[in-house]
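Engineer: Same order as they appear, the protein sequences are chains A and B. Using the numbering used here, the first residue of the first sequence is number 947, and each one after it goes up by one. Using the numbering used here, the first residue of the second sequence is number 947, and each one after it goes up by one. We treat Cβ as the ideally placed atom computed from N, Cα and C, and that holds for glycine. Since the model is a prediction, treat every value here as computed from it, not as a measurement.
Protein chains: 2
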Amino acid sequence: MQAILLSIGDELVLGQTVDTNTAWLAQRLIAMGIHCIEHRTVHDDQDAVARAITQTAKHCDLLIITGGLGPTDDDLTRQALAQAMDVELVEDPKSIAAIEAIFKKLGRAMPEQNRSQAMHPAGSAMIPNSCGTAPGLRAQLGQATIYVTPGVPREMEAMVKASVEPELRQCACESGHTARTILTAKLNTFGSGESDIAQRLGDLMSRERNPLVGTTVSAGQVSVRVRAEYESASEAADAIAQTIAEVESKLGALAFGRDETAIQDAVIALLVKEKKTIATAESCTGGLIASMLTDVPGSSAAVVGGWVTYANAMKTDQVDVPPQLIQQHGAVSGQVVQAMAAGAIERSGADFAISTSGVAGPGGGTPDKPVGTVWLGLAWRQGGAIVTDAWLARLTGNRAAIRDRAGKCALQLLRLHLMGQPLDLVRWVSRG
Amino acid sequence: MQAILLSIGDELVLGQTVDTNTAWLAQRLIAMGIHCIEHRTVHDDQDAVARAITQTAKHCDLLIITGGLGPTDDDLTRQALAQAMDVELVEDPKSIAAIEAIFKKLGRAMPEQNRSQAMHPAGSAMIPNSCGTAPGLRAQLGQATIYVTPGVPREMEAMVKASVEPELRQCACESGHTARTILTAKLNTFGSGESDIAQRLGDLMSRERNPLVGTTVSAGQVSVRVRAEYESASEAADAIAQTIAEVESKLGALAFGRDETAIQDAVIALLVKEKKTIATAESCTGGLIASMLTDVPGSSAAVVGGWVTYANAMKTDQVDVPPQLIQQHGAVSGQVVQAMAAGAIERSGADFAISTSGVAGPGGGTPDKPVGTVWLGLAWRQGGAIVTDAWLARLTGNRAAIRDRAGKCALQLLRLHLMGQPLDLVRWVSRG
């Protein structure tokens, strides 16, 4: 069963209101095995809405329309649906009574304008609204079943749960048609580009495959999305598990977690599991790494704390970077980040320390060290000694992107180190 | 001029990713006097995308398509556009060279898969991408001008600003077509709720007014939005300026800046203007405040650095909080945040220091100090001495929200202090 979602409203097409209804509806439908193939948002214009209904009804089994059921002149969904169905609007006496009852409860007479909310296209059915005055509608156009709900999220959600979902389930039962189950899963990676990930996945990304495997990028993180569509929930679950295992085996340690897991979640989980602690010494990332780590609930078990050594005096006085190291190599250097990490581990008593120093821009770049040049340091304990190492990342993007990628690179390097994996899996860093 | 926006991607129709591109685009277009009449989102299916292009191009002058330009097999927008235009895909040698140059800069060979990104429908033009490998496209289909941009917000926004908007302006000039001018402006506040702001604004919020004044809330920040629609640009600009001045006079120091100004931008600007410096000592915010401050370009002129004193030993050893203070009052107390701020200012030599200690949750709450209890400290120099003060914020929401609001409260308190304004304008803090 394929669904299309249609939202009505000037405020939505003008970008003044972000439409949260469609994502909510799409997820509810997927959970019932119905998948959305299109969302459409149309302004408050009767012809445009009618045209959208006519076009979309041809390409789906289920069309859910939200919005445009209010009592004011710019609410035109009823009229547009009647136009698309080529029928007249008729008044529903039961709905008039229900709307009057709502106003009576509020101690007021029903405004004449609200009478329009009891109108519906001939041949359609009205759906009660438990939270407002606008009844919903159910109609048929060609092979498509159409539901119309109010656009107010609270009213829409209540109506979908109370009336639309039970009817869809009932309908699936009566037709002897057991809804197909769609399950989705996501595997997150960091440190390599989308095309490299795709190359590693190879045939797994064929568009004919079920489960279907795709990739998306967000803030440098490449996520592999898996979608399985099967008759039974157990088949779908098995298929998802098997495909995820195949993806994991192709990606190795680049993949750090499923679904909403962030790189810092993976790092904190590893540290807690190993009963190890971490400190940070940040220059160009300016507290971002510490903030990412402490954003994880329970991170206090692993995070001791850290330093933001933005000024050079903070580097020398607070984490004991020798001043001559800065003079000789510059603050943005492998030598300085190693000294920062060593100072942080020594002063904090932590088991590991990560450090950063770079040029986040927009100013401060030089031919030698252009904007995007970031040194990343790592320190750890070995026997009684402190060992340090450093990597150079050359990053692109604006200041926020460079800081974000630098932070994630440092966390992925630490994670790979903790796992005993090769750190050069992170393709954005080199030995300098 | 009427526009339609078309987004491509399974993750969007399935509700796994919320589409923020369309609202951004719709607002940019409105600012240029171009109205959006429809948004459409289609899954990764070549026929469906081609059909959407064919249908929408018939009903608009401008069609902007985002997404599906990546190098992988599920990126099908180029093919779909060629199908809708009934032409072949051809390779663009200049784009191949540009993509190869990006990979060369990264010290790697171009993966063969990225070659697909240099393909474009015959008769279309390529638009350079300043932030990624996928060039955009410009084509004509009937009366509609079509632009295709990557779906990654950063790449899309850069391409629209650098290439699409200048072309659209040029085009409007050449046609001698003057549209009605719509100008918008935004004034940002922090420290008080939306209903309080609305009460202060009073009649300015009447729906019949032009410019229209409204409020929106995002991450605790209440923004006042002003929208003026006039025949001439100068009328609109004058009207906006006058309304903004009225809003500012009603809100006083609660308002910290216009449009995209964040609270940290306002704080850094003030510090730089006064040639003053700041240090941070953070417990529950864990580096977030330092990260917010150093996210501002040029912040190194004002930010010396800071400490993340997550463990109590970091508080005592690194910013000199007397251990007995923690024993007596607990780490989450006015006494401890004052000692943290004093230690930070003393050790760093900064002119000001801000500090935080609180219960961000989800665990760690007690009847006395429930989740959301956050103490905020401030230290400054007076004569030769260091003076400190502390406020108690009681915040709601999840861990991320509590940390975010605590950081913004601390920055607004510092800003009001710097301006000599009463700090109790921040209604979410008390003397404890």
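#1: Run down chain B in chain order and give the residues with a C-beta less than 7 Å from the C-beta of Val1250 (chain A).
#2: Near Thr1207 (chain A), which residues of its chain fall below 8 Å by C-beta distance, leaving aside the five closest residues on each side in sequence?
#3: List the residues of chain A whose Cβ lies closer than 9 Å to the Cβ of Arg1349 (chain B), in chain order.
#4: What are the start and end residues of each continuous beta strand (DSSP E) run of 3 or more residues lying completely inside the region 962-1010 of chain A, in chain order?
#5: Based on the DSSP secondary-structure assignment, which residues constitute the bridge partners of Arg1171 (chain A)?
#6: Taking a contact to mean a Cβ-Cβ separation below 8 Å, would you say Gly1420 (chain A) touches Gly1378 (chain A) in this structure?
#7: Give the residues from the region 966-978 of chain A that approach chain B closer than 8 Å (Cβ to any Cβ), ordered along the chain.
#8: Could you tell me which chain A residues have their CB closer than 7 Å to the CB of Glu957 (chain B), listed as they occur along the chain?
#9: Report the CB separation of Ala1068 (chain A) from Val1033 (chain A) in whole angstroms; it is logged as a contact under 8 Å.
#10: Cα-Cα, which of A:Lys1222, A:Gln1367, A:Met1031 and A:Val1375 is closest to Asp1297 (chain A)?
#11: When the Cα atoms are used, what is the spatial distance from Thr1342 (chain B) to Glu957 (chain B)?
#12: Measuring alpha carbon to alpha carbon, tell me which of B:His1005, B:Gln1029 and B:Glu1101 ends up nearest Leu971 (chain B).
#13: Quick one: is Asn1156 (chain A) buried, meaning 16 or more other Cβ sit within 10 Å of its Cβ, or exposed?
#14: List the residues of chain A whose Cβ lies closer than 9 Å to the Cβ of Ala1201 (chain B), in chain order.
#15: Can you tell me which of the three DSSP states Leu1015 (chain A) falls into?
#16: How is Glu1154 (chain A) classed by DSSP in three states: helix, strand or coil?
#17: Comparing the C-beta of Val1098 (chain B) with each C-beta of chain A, is any distance below 8 Å?
#18: Using a Cβ distance threshold of 8 Å, determine whether the region 1241-1248 of chain A contacts the region 1261-1275 of chain A, with at least three qualifying pairs required.
#19: Please report the residue range of the beta strand (DSSP E) in which Gln1063 (chain A) lies.
#20: Just checking my contact of Leu1371 (chain B) with Leu1362 (chain B) at CB under 8 Å: how many whole Å lie between their CB atoms?
#21: Mind listing the chain A neighbours of Cys1077 (chain B)? Cutoff is C-beta to C-beta under 9 Å, in chain order.
#22: Per DSSP, what are the beta-bridge partners of Thr1091 (chain B) in this structure?
#23: Do Gln1303 (chain B) and Gly1233 (chain A) have their C-beta atoms within less than 8 Å of each other?
#24: Measuring only between beta-carbons, confirm whether Thr1012 (chain A) sits less than 8 Å from chain B.
#25: The beta strand (DSSP E) that contains Asp1205 (chain B), what's its start and end?
#26: For Ser1246 (chain A), does the three-state DSSP call read helix, strand or coil?
#27: Are the Cβ atoms of Val1305 (chain A) and Ala1339 (chain A) separated by less than 8 Å?
#28: Please check the pair Met1031 (chain B) and Ala1071 (chain B), which I expect to be a contact at CB under 8 Å, by giving their CB distance rounded to whole angstroms.
#29: For Ser1076 (chain A), count neighbouring Cβ atoms within 10 angstroms of its own Cβ and tell me buried if that reaches 16, exposed if not.
#30: Counting contacts by CB-CB distance shorter than 8 Å, is Val964 (chain A) in contact with chain B?
#31: Measure from the C-beta of Thr1023 (chain A) to each C-beta in chain C and report whether the shortest distance is under 8 Å.
#32: On the CB-based measure, 16 or more other CB atoms within 10 Å of its CB, does Asp965 (chain A) come out buried or exposed?
#33: Assuming contact is defined by CB atoms lying nearer than 8 Å, are Thr1319 (chain B) and Met1286 (chain B) in contact in what I supplied?
#34: Could you check the C-alpha separation between Pro1039 (chain B) and Pro1017 (chain B) for me, to the nearest Å?
#35: Can you name the residues of chain B whose CB is closer than 9 Å to the CB of Met1151 (chain A)?
Structural biologist: The structure says:
#1: Counted from its first residue, the first sequence places residue 1250 (chain A) at position 304. Ordered by position in chain B, the residues that pass the 7 Å Cβ test against Val1250 (chain A) are Tyr1256, Ala1257 and Met1260.
#2: Locating residue 1207 (chain A) in the first sequence gives position 261, counting from the first residue. Asn1134, listed in sequence order.
#3: Mapped onto the second sequence, residue 1349 (chain B) falls at position 403. Against chain A, the beta carbon of Arg1349 (chain B) has neighbours under 9 Å at Ser1237, Thr1240 and Asp1241, listed in chain order.
#4: 981-988
#5: By 1-based counting over the first sequence, the position of residue 1171 (chain A) is 225. For Arg1171 (chain A), which the question treats as bridged, DSSP gives the partners A:Lys1132 and A:Gly1160.
#6: An answer regarding residue 1420 (chain A) cannot be provided, because it is not within the stretch 947 to 1378 covered by chain A.
#7: Thr966, Thr968, Ala969, Trp970, Leu971, Ala972, Gln973 and Ile976
#8: For the purposes of this step, residue 957 (chain B) is identified with residue 11 of the second sequence, where counting begins at 1. Correct list: Thr1162 and Arg1171.
#9: On the first sequence, position 122 is the one that residue 1068 (chain A) refers to. On the first sequence, position 87 is the one that residue 1033 (chain A) refers to. About 4 Å separates the two Cβ atoms, so the contact holds.
#10: Walking along the first sequence from the start, residue 1297 (chain A) turns up at place 351. Measuring from the Cα of Asp1297 (chain A), the nearest candidate turns out to be A:Lys1222.
#11: Taking the second sequence and counting its residues from 1, one reaches residue 1342 (chain B) at position 396. Taking the second sequence and counting its residues from 1, one reaches residue 957 (chain B) at position 11. Each residue's alpha carbon lies about 31 Å from the other.
#12: Counting from 1 along the second sequence, the entry for residue 971 (chain B) is found at position 25. When only C-alpha atoms are compared, the closest one is B:Glu1101.
#13: Along the first sequence, one-based indexing puts residue 1156 (chain A) at 210. Counting Cβ neighbours within 10 Å, Asn1156 (chain A) comes out exposed, since fewer than 16 surround it.
#14: In the second sequence, the residue the question calls residue 1201 (chain B) occupies position 255. None at all; the shortest Cβ gap to chain A is about 21 Å.
#15: Taking the first sequence and counting its residues from 1, the one referred to as residue 1015 (chain A) is at position 69. Reduced to three states, the DSSP call for Leu1015 (chain A) is coil.
#16: Taking the first residue of the first sequence as position 1, residue 1154 (chain A) is located at position 208. Here Glu1154 (chain A) carries a coil assignment [DSSP, helix/strand/coil].
#17: Sequence index remark: in the second sequence, residue 1098 (chain B) carries index 152 (1-based). Cβ-Cβ to chain A under 8 Å: yes for Val1098 (chain B).
#18: no
#19: Along the first sequence, read from residue 1 onward, the residue named residue 1063 (chain A) stands at position 117. Segment: none, Gln1063 (chain A) is in no beta strand (DSSP E) and carries neither H nor E.
#20: By one-based count along the second sequence, residue 1371 (chain B) stands at place 425. By one-based count along the second sequence, residue 1362 (chain B) stands at place 416. Yes, they are in contact, since the Cβ atoms of Leu1371 (chain B) and Leu1362 (chain B) sit about 6 Å apart, within 8 Å.
#21: Stepping through the second sequence from its first residue, residue 1077 (chain B) is reached at position 131. Residues of chain A passing the Cβ test: Thr1342, Gly1343, Asn1344 and Ala1347.
#22: Walking along the second sequence from the start, residue 1091 (chain B) turns up at place 145. Thr1091 (chain B) is bridged to B:Leu1008 and B:Gln1086.
#23: Translated into positions along the second sequence, residue 1303 (chain B) becomes position 357. Translated into positions along the first sequence, residue 1233 (chain A) becomes position 287. It should be noted that the sequence gives Ser, not Gln, for residue 1303 (chain B). No, they are not a contact pair.
#24: Locating residue 1012 (chain A) in the first sequence gives position 66, where the first residue counts as 1. Output row for Thr1012 (chain A): interface = no.
#25: In the second sequence, the residue the question calls residue 1205 (chain B) occupies position 259. Premise fails: Asp1205 (chain B) is in no beta strand (DSSP E) and is neither H nor E.
#26: One-based indexing of the first sequence puts residue 1246 (chain A) at position 300. Helix, per DSSP.
#27: Sequence index remark: in the first sequence, residue 1305 (chain A) carries index 359 (1-based). Sequence index remark: in the first sequence, residue 1339 (chain A) carries index 393 (1-based). Going by C-beta atoms, Val1305 (chain A) is not nearer than 8 Å to Ala1339 (chain A).
#28: Counting from 1 along the second sequence, the entry for residue 1031 (chain B) is found at position 85. Counting from 1 along the second sequence, the entry for residue 1071 (chain B) is found at position 125. Not a contact, Cβ separation roughly 13 Å.
#29: As a position in the first sequence, residue 1076 (chain A) is number 130, starting the count at 1. Per the 10 Å Cβ criterion, exposed.
#30: Position 18 of the first sequence, counted from the first residue, corresponds to residue 964 (chain A). Interface with chain B (8 Å Cβ-Cβ cutoff): Val964 (chain A) is included.
#31: You won't find chain C in this structure, because its protein chains are A and B.
#32: For the purposes of this step, residue 965 (chain A) is identified with residue 19 of the first sequence, where counting begins at 1. Burial call: buried.
#33: In the second sequence, residue 1319 (chain B) corresponds to position 373, counting from 1. In the second sequence, residue 1286 (chain B) corresponds to position 340, counting from 1. Thr1319 (chain B) places its beta carbon 8 Å or farther from that of Met1286 (chain B).
#34: Within the second sequence, numbered from 1, the residue matching residue 1039 (chain B) stands at position 93. Within the second sequence, numbered from 1, the residue matching residue 1017 (chain B) stands at position 71. Rounded to the nearest angstrom, the two C-alpha atoms are 16 Å apart.
#35: The residue labelled residue 1151 (chain A) in the question sits at position 205 within the first sequence. Thr1018, Asp1019 and Asp1020, listed in chain order.
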